[in-house]
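In the working numbering, the protein residues as written are 73 to 340.
Note that beta-carbon positions come from the ideal geometry of N, C-alpha and C, so glycine has one too.
Down below is the structure, laid out as structure tokens.
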Amino acid sequence: GKGFYVNDTVGIDKIKILLIFNKISAYKKIIYNNIVNTLGEIAVVDLKIHNYDAVTFENFIDGGLDYYNYVMVMPHFNDGEARTKNLLRKIPKEKLILLDKKIENFDGASACVYQDFQNDIYDALCEAVGLLNKYENFYLIFPDEENEYYCEEISWGFRNFCLHKKLRFKILNDLPKGPISKGDVFVLIRETDLVGLIKKARDQKLSPGKEIGLISYNETPMKEVLCDGISVITTDFEKMGKAAANMILKKEFSTIRNKFLFIQRNTL
73 GKGFYVNDTV GIDKIKILLI FNKISAYKKI IYNNIVNTLG EIAVVDLKIH
123 NYDAVTFENF IDGGLDYYNY VMVMPHFNDG EARTKNLLRK IPKEKLILLD
173 KKIENFDGAS ACVYQDFQND IYDALCEAVG LLNKYENFYL IFPDEENEYY
223 CEEISWGFRN FCLHKKLRFK ILNDLPKGPI SKGDVFVLIR ETDLVGLIKK
273 ARDQKLSPGK EIGLISYNET PMKEVLCDGI SVITTDFEKM GKAAANMILK
323 KEFSTIRNKF LFIQRNTL
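Laid out in structure tokens, this is it:
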């Protein structure tokens, strides 16, 4: 994997932060912008991307940590949890802030702003249950890609919800190859699957929000306008960035479960 980083002329009085994301995406940019804007002129933020690769991450942190006051990390890796913990322990606890994911039974970070992936999707779907009841078959399209990481807790939360609400459901790695049916409703993690399903619906003349349902994971500005509004379940990315930055500003460090939302729009 490759990383890039943003550098500025740094005054000696500025707070220096190393921010390490797993990837760049529309919603990661929202987190980045809110961290930078909340900190303002008192800090400089260097951004690097580890692309789920532990070796790349290790190269970022080996030998360069003395320069930084804080290291913010999204700890999404394809390696096991034990390897992840060992890597994170290389960073002094007082400098380490975890973003997006909480590492269970790990006390090596001073702070964490995280998504509770299993309970977040469960709670959000409970908010939508009245709208879901008009559909017959509930699908989660949960990708299984070698070079990409998806928290499997999302699928656990989806399964628990469907079992508790006695809904007919399937968890698939890809969109169905054949036609979809009236009465189907889908939760889609990847943007490419969202586009693919919209095309399928259009080709079959099925109307999203009436004959089929679409719920997309993670809010982006595009989803506000696509299909007159895509229904989404999403963490509040602005809030995550601001919360992490405010911990540094106030020197008040804690573990925070980030706000998660169901946003009802046209496709459900």
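My understanding is that residue i touches residue j, with C-beta atoms under 8 Å, so please give their C-beta distance in whole angstroms.
i: residue 264; j: residue 302; result: Not really, about 14 Å apart at Cβ, beyond 8 Å.
i: residue 121; j: residue 147; result: Not confirmed; about 14 Å, so no contact.
i: residue 305; j: residue 258; result: In fact, because the Cβ distance is near 12 Å, the residues do not count as touching under 8 Å.
i: residue 183; j: residue 326; result: 6 Å
i: residue 333; j: residue 115; result: Not really, about 28 Å apart at Cβ, beyond 8 Å.
i: residue 142; j: residue 320; result: 6 Å
i: residue 92; j: residue 129; result: 7 Å
i: residue 330; j: residue 314; result: Residue 330 to residue 314, Cβ: 10 Å. No contact.
Name the DSSP beta bridge partners of residue i, please?
i: residue 280; result: 284
i: residue 227; result: Looking at the DSSP assignment, residue 227 forms no beta bridge with any residue, so it has no partner.
i: residue 267; result: DSSP, once it has assigned bridges, lists no residue as partnering residue 267.
i: residue 303; result: 287
Among the residues of its own chain, which have a CB less than 7 Å from the CB of residue i, if the five just before and after it don't count?
i: residue 237; result: 201
i: residue 100; result: 93
i: residue 98; result: 292
i: residue 251; result: 276
Between the alpha carbons of residue i and residue j, how many angstroms are there, rounded?
i: residue 294; j: residue 267; result: 12 Å
i: residue 107; j: residue 127; result: 26 Å
i: residue 188; j: residue 243; result: 20 Å
i: residue 222; j: residue 95; result: 12 Å
i: residue 205; j: residue 245; result: 24 Å
i: residue 46; j: residue 277; result: The question about residue 46 has no answer here: the residues shown for the chain are numbered 73 through 340.
i: residue 296; j: residue 308; result: 15 Å
i: residue 261; j: residue 109; result: 28 Å
i: residue 199; j: residue 170; result: 28 Å
i: residue 317; j: residue 284; result: 40 Å
i: residue 193; j: residue 119; result: 29 Å
i: residue 160; j: residue 168; result: 8 Å
i: residue 241; j: residue 149; result: 29 Å
i: residue 163; j: residue 233; result: 37 Å
i: residue 213; j: residue 270; result: 14 Å
i: residue 34; j: residue 336; result: Here the chain comprises residues numbered 73 to 340, so residue 34 is not present and cannot be evaluated.
i: residue 281; j: residue 209; result: 14 Å
Buried or exposed: which applies to residue i, given that a residue is buried once 16 or more other Cβ atoms fall within 10 Å of its Cβ?
i: residue 154; result: exposed
i: residue 134; result: exposed
i: residue 298; result: buried
i: residue 324; result: exposed
i: residue 275; result: exposed
With a threshold of 8 Å on Cβ separation, who are the neighbours of residue i within its own chain once the five nearest residues in sequence on each side are excluded?
i: residue 87; result: 111, 114, 115, 116, 141, 142 and 320
i: residue 136; result: 90
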